[in-house]
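Undergrad: Residues -25 to -1, 1 to 135 in mature numbering (1 follows the signal peptide of the UniProt record, and there is no 0) are what the sequence shown spells out, letter by letter. Even glycine gets a Cβ: it sits at the ideal position worked out from N, Cα and C. Structure below; questions to follow.
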Amino acid sequence: MNMRGWRAIVLAVTGVVLTASCGYAAAIHSAEIPQEQLAGTWTSSAGTSLTFSKEHTFAGTGFDKVEAMAHCAHPETLSTGRWAFYVSPEGNGLIVPDETATRGHGLQLSFTGDPTCTVWVYLYGYLGDAEDPSMCPTKDPDAGCPPGGYLKRDKTASHS
């Protein structure tokens, strides 16, 4: 095979790989979920577990495995706190945590043991589907979630 033939094959394979990788990356989008769906237990493959109540409290374990909590003094000692959905009360795109919000695309965790430790949690779904969402504690949702960082809802756990 001549050089032109090899070049065509390389370009075709590169196009397929890029299309497939972009297609998979584009499949995960922000998902808006109601607080009823948030309530319950969520776990990650890295060993983090969070249980949310409808009363805006949470309890969890394995926070030392969450990269987004590296700024917290002692994440391994944190276990409880409060949560709130982020909303844009003025409709101008500036968002703030609000415990009166009943649904959202993201939420804030604030820890009882360290009031300076707050974490953004982004809610994702396949093509934005809120039926089977995932969550990711991260500093930047555009950067994606680190390996083992996604938490999935435990459908067998009872609601709080």
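Can you name the start and end residues of the beta strand (DSSP E) that residue 151 belongs to?
TA: Because the chain here runs from -25 to 135, residue 151 falls outside it and cannot be looked at.
Undergrad: Check whether the Cβ atoms of G123 and F86 lie closer than 7 Å to each other.
TA: Going by C-beta atoms, G123 is not nearer than 7 Å to F86.
Undergrad: Where are the beta strand (DSSP E) runs, 3 residues long or more, that stay fully inside the region 62 to 108, in chain order?
TA: For the region 62 to 108, whole beta strand (DSSP E) runs of length 3 or above, ordered along the chain, are 71 to 73, 81 to 86, 89 to 101.
Undergrad: By DSSP, does A(-6) sit in helix, in strand, or in coil?
TA: Interpretation of A(-6) is limited by its pLDDT of 35, a score under 50 that renders its predicted location unreliable; no figure is taken from the coordinates.
Undergrad: To the nearest angstrom, how far is it from the Cα of A43 to the Cα of T75?
TA: If I take the Cα positions, the gap works out to 25 Å.
Undergrad: According to DSSP, residue 218 sits in a beta bridge with which residue or residues?
TA: Any question about residue 218 goes unanswered here, given that the chain covers just -25 to 135.
Undergrad: Check whether the Cβ atoms of A21 and Y99 sit closer than 7 Å, and answer yes or no.
TA: No, these two residues do not count as a Cβ contact at 7 Å.
Undergrad: Please classify G68 as buried or exposed, where buried requires at least 16 neighbouring CB atoms within 10 angstroms.
TA: That one is exposed.
Undergrad: Could you check the C-alpha separation between G119 and G66 for me, to the nearest Å?
TA: Cα to Cα, the separation comes out at about 26 Å.
Undergrad: Indicate whether at least one CB of chain C lies closer than 7 Å to the CB of S63.
TA: In the structure shown, chain C does not exist; there is a single protein chain.
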